[in-house]
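*Asks:* When you read off a place in the sequence shown, starting at 1, and then add 2, the result is the number in my numbering. Beta carbons: idealized from backbone N, C-alpha and C, even for Gly. None of these values were measured; they are calculated from a predicted model.
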Amino acid sequence: MSVLSSSIARKVAMALSALFLIIFLIIHLAVNLTSLFSADAFNEASHFMGTNPLIQFAMQPVLIFGVVFHFVMGFVLELRNRGARNVKYAKFNGAASSTWASRNMIISGAVILAFIVLHFIDFWIPELNTKYVLGDMSGVLPGEEGYRYFEELQHKFANPLRVGAYVVAFVLLAIHLMHGFQSAFQSMGFNNKYTGFVKAFGKFYSIVIPLGFIIVALCHHFNH
Ligand code: HEM
3 MSVLSSSIAR KVAMALSALF LIIFLIIHLA VNLTSLFSAD AFNEASHFMG
53 TNPLIQFAMQ PVLIFGVVFH FVMGFVLELR NRGARNVKYA KFNGAASSTW
103 ASRNMIISGA VILAFIVLHF IDFWIPELNT KYVLGDMSGV LPGEEGYRYF
153 EELQHKFANP LRVGAYVVAF VLLAIHLMHG FQSAFQSMGF NNKYTGFVKA
203 FGKFYSIVIP LGFIIVALCH HFNH
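Shown next, in the form of structure tokens:
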């Protein structure tokens with residue numbers, strides 16, 4: 003019998019992958035925020051993250067596994083929940099018994115998944131191509147001086163359609179986190195005198211992190 007065959011084990015595994023991604027988002031936003039203050043700081047940080055062997059060959063595979071696991075498990079849990087509820091509630095008053103965010107995690111999750119696919123096509127796949135297919139680890143464009151990362155970032159956010167799609171995804175990310183953050187702690191059985199604090203911090207995190215990403219995208223769109 004596999005470890006993930008019980009529904010509690012699946013929920014705990016889902017929560018652990020969520021916490022891992024919550025920490026990843028803080029690091030990701032921190033690196034992105036440097037681009038608002040100093041092109042050099044962003045270039046140095048990006049070059050370090052993109053070429054350090056520990057980050058590239060140990061942390062990055064774990065991150066990709068975490069992202070894929072979270073999405074696959076999310077769909078599995080949703081399908082199982084639907085299967086378990088094949089007898090309809092006699093009277094289901096959704097709005098009164100739960101929030102929109104909690105009932106629609108699969109929808110906000112699917113929009114974030116679509117964003118991740120677009121995001122990988124925008125940034126990640128070209129990076130992998132330059133570094134590992136073309137074999138250029140220098141971070142410098144031929145014939146130019148200085149690292150290329152900041153310029154590439156500004157170039158990507160020149161397109162209003164891309165910025166619009168990103169902002170929509172970040173709003174959905176806020177909604178997803180609004181329920182997901184506290185739900186992850188609940189799934190892990192966290193229930194003590196700090197529960198109120200965790201819920202309040204979850205709301206703060208769910209607004210501040212996506213808002214930070216929105217500010218980064220808009221600043222690069224309007225300031226290039
Ligand atoms: C304005 C917002 C954002 C910008 C400018 C941005 C920019 C970037 C850049 C430049 C990379 C680097 C690729 C590389 O060097 O390998 C990257 C990777 C990535 N981003 Fe974002 N990102 C943003 C928002 C997000 C959000 C909200 C998420 C998740 C919901 C996300 C998930 C990822 C993932 C999973 C990777 C691959 C990590 C890796 O390189 O190992 N990003 N992003």
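1. Below 8 angstroms, is the gap between the Cβ of LEU65 and the nearest heavy atom of ligand 1?
2. Confirm the yes/no value for this check: CB of ASN83, any heavy atom of ligand 1, distance under 8 angstroms.
3. Go ahead and pull the three-state DSSP assignment for TYR196.
4. Identify the continuous alpha helix (DSSP H) that holds GLU153 and give its terminal residues.
5. Are the CB atoms of PHE44 and PHE183 within a distance shorter than 9 angstroms?
6. Measure the C-alpha to C-alpha separation of SER140 and SER185 and round it to an integer number of angstroms.
7. Return the first residue and the last residue of the alpha helix (DSSP H) that LYS13 is part of.
8. Taking all protein chains shown into account, do 16 or more other C-beta atoms lie within 10 angstroms of the C-beta of MET3, making it buried, or fewer, making it exposed?
9. By the 10 Å Cβ neighbour count, where 16 or more other Cβ atoms means buried, how is ILE114 classified, buried or exposed?
10. Are the beta-carbon atoms of GLY111 and GLY76 separated by less than 9 angstroms?
11. Please report how far the alpha carbon of ALA11 lies from the alpha carbon of GLY145, in whole angstroms.
12. Are there 16 or more other CB atoms within 10 angstroms of the CB of ASN34, so buried, or fewer, so exposed?
13. Here's the rule I'm using: 16 or more other beta-carbon atoms within 10 Å means buried, otherwise exposed. How should TYR168 be labelled?
14. Using only alpha-carbon positions, find the residue among LYS158, LEU143, ILE108, ALA103 that is nearest to ILE123.
15. Please identify the residue among HIS222, LYS13, ILE24, PHE199 whose C-alpha is closest to the C-alpha of GLN156.
16. With a threshold of 8 angstroms on Cβ separation, who are the neighbours of VAL142 within its own chain once the five nearest residues in sequence on each side are excluded?
17. Within the present structure, is the beta-carbon of ILE118 separated from the nearest heavy atom of ligand 1 by less than 8 angstroms?
18. Got a sec, what are the start and stop residues for the alpha helix (DSSP H) VAL169 sits in?
*Replies:* Taking the structure as given:
1. Within the sequence shown, numbered from 1, the residue matching residue 65 stands at position 63. Correct: LEU65 has its Cβ closer than 8 angstroms to ligand 1.
2. Here residue 83 is taken as the residue at index 81 of the sequence shown, counted from 1. Not so, every heavy atom of ligand 1 lies at least 8 angstroms from the Cβ.
3. Taking the sequence shown and counting its residues from 1, the one referred to as residue 196 is at position 194. Assigned with DSSP and collapsed to three states, TYR196 falls in coil, not helix or strand.
4. For this step, residue 153 is matched to residue 151 along the sequence shown. 151–158 is the span of the alpha helix (DSSP H), which, as asked, contains GLU153.
5. Reading the sequence shown from its first residue, position 181 is the one you call residue 183. Reading the sequence shown from its first residue, position 42 is the one you call residue 44. PHE183 places its beta carbon 9 angstroms or farther from that of PHE44.
6. Counted from its first residue, the sequence shown places residue 140 at position 138. Counted from its first residue, the sequence shown places residue 185 at position 183. SER140 and SER185: Cα-Cα distance of roughly 43 angstroms.
7. Here residue 13 corresponds to residue number 11 of the sequence shown, with the count starting at 1. Where LYS13 is concerned, the enclosing alpha helix (DSSP H) stretches over 9–39.
8. Counted from its first residue, the sequence shown places residue 3 at position 1. Reliability of the predicted coordinates at MET3 is poor, the pLDDT of 48 falling under 50, and the value obtained from them is presented with this limitation in mind. With fewer than 16 other beta carbons inside 10 angstroms of its own, MET3 counts as exposed.
9. If you number the sequence shown from 1, residue 114 lands on position 112. With 16 or more neighbouring CB atoms inside 10 Å of its own CB, ILE114 falls in the buried class.
10. Translated into the one-based positions of the sequence shown, residue 111 becomes position 109. Translated into the one-based positions of the sequence shown, residue 76 becomes position 74. With respect to GLY76, GLY111 sits close: the two C-beta atoms are nearer than 9 angstroms.
11. The sequence position of residue 11 within the sequence shown is 9, counting from 1. The sequence position of residue 145 within the sequence shown is 143, counting from 1. When only Cα atoms are considered, ALA11 and GLY145 end up about 54 angstroms apart.
12. Here the question's residue 34 lines up with position 32 in the sequence shown. Buried: at least 16 other Cβ atoms inside 10 Å.
13. Numbered from its first residue, the sequence shown carries residue 168 at position 166. By the Cβ-count criterion, TYR168 is buried, with 16 or more other Cβ atoms from all chains shown falling within 10 Å of its own Cβ.
14. By one-based count along the sequence shown, residue 123 stands at place 121. Taking only the C-alpha atoms, the option nearest ILE123 is LYS158.
15. Residue mapping note: residue 156 aligns to position 154 of the sequence shown, counting from 1. The residue among HIS222, LYS13, ILE24, PHE199 with its C-alpha nearest the C-alpha of GLN156 is HIS222.
16. Position 140 of the sequence shown, counted from the first residue, corresponds to residue 142. Result list for VAL142: GLY148, TYR149, ARG150, in chain order.
17. Taking the sequence shown and counting its residues from 1, the one referred to as residue 118 is at position 116. At least one heavy atom of ligand 1 is nearer than 8 angstroms to the Cβ of ILE118, so yes.
18. For the purposes of this step, residue 169 is taken as residue 167 along the sequence shown, with counting starting at 1. Counting along the chain, the unbroken alpha helix (DSSP H) around VAL169 starts and ends at 162–189.
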